[in-house]
Amino acid sequence: MILKRLRHATTENHAALECQLPLLDPNLSREDYHEFVSRFYGYYAPLETQLLALPWWDEMGFDYNERYKTPKLERDLLALGDTPDMLARMPRCHNLPEIFTLSQLLGCLYVIEGSTLGGQIITRHLRSSLGITLETGCSFFNGYGDITMMQWQAFGSTLTSLAERTCSDEEIIATANQTFKTLESWLFPTSQKQPTEL
Ligand code: HEM
């Protein structure tokens, strides 16, 4: 039930992000793609550092380490020509979703785990349009490869049972939307009209 509610309540923010991201654009250049990978890195690296430091992983029975996405972004940036020194100097997002409760963590995870689904389409497009493969710069968008749907379903089960047992649906939904909005304002700073809505 929570998954259905989340999908419905975040549709607008998903669509807003999807239509601004030019990742499926036939005219996307390698440079444009590289720039977007850098921006995703600037958001995911500090976000995942924050997430991994949270105390609820054992209680959740969920191993986020195996889903850690920052190393994939690093690998892609290096494959695209950056150096470790350049990665260390890349700007990081400071306006991240607020995560003080387990419900808020679940809302944030919904967005970052869900993004692997669209990543499958993006990966196919990058291979055919720019010739970029898993080894040459798209391991982040490739997500969990062939087992992406299985990983999504496993996350969905965890989310559903935790939401039923302990959490507040409203708080989960609010943080999912905040995650979409903070990512959008980081990726597209000039398109944001109302920063106070975050
Ligand atoms: C060009 C960019 C994107 C495309 C084409 C895209 C496309 C998709 C597609 C096809 C699905 C599966 C829908 C379904 O099975 O019903 C999906 C699901 C999802 N995407 Fe995206 N997506 C994009 C970007 C993103 C980004 C950047 C995020 C967040 C960081 C995101 C978050 C999600 C979430 C949370 C879901 C799960 C929805 C649900 O079933 O509850 N997407 N996306």
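382 is the number of the first residue of the sequence shown in our numbering; add one for each residue after it. No residue lacks a Cβ here, since even glycine has one placed at the ideal position from N, Cα and C. As the structure is a computational prediction, the values presented were derived from the model and not from experiment.
The beta carbon of leucine 409 lies closer than 6 Å to those of Pro403 in the same chain, with the five residues before and after it left out. Distances taken from the Cβ of isoleucine 513 to the heavy atoms of the ligand HEM include none shorter than 6 Å. By the C-beta density criterion, serine 538 is exposed, having fewer than 16 other C-beta atoms within 10 angstroms. Distances taken from the Cβ of serine 566 to the heavy atoms of the ligand HEM include none shorter than 6 Å. Linking valine 492 to glutamate 551 through their CA atoms gives a straight-line distance of about 15 Å. It is roughly 11 Å from the alpha-carbon of glutamine 401 to the alpha-carbon of serine 566. Between tryptophan 533 and threonine 497, the beta carbon gap of about 7 Å places them in contact (Cβ cut-off 8 Å). Our two residues, glutamate 440 and arginine 411, have alpha carbons roughly 42 Å apart in a direct line. Shown here, arginine 388 sits in a helix according to DSSP, grouped into three states. With a cutoff of 7 Å on beta-carbon distance, asparagine 523 and leucine 515 are scored as near each other.
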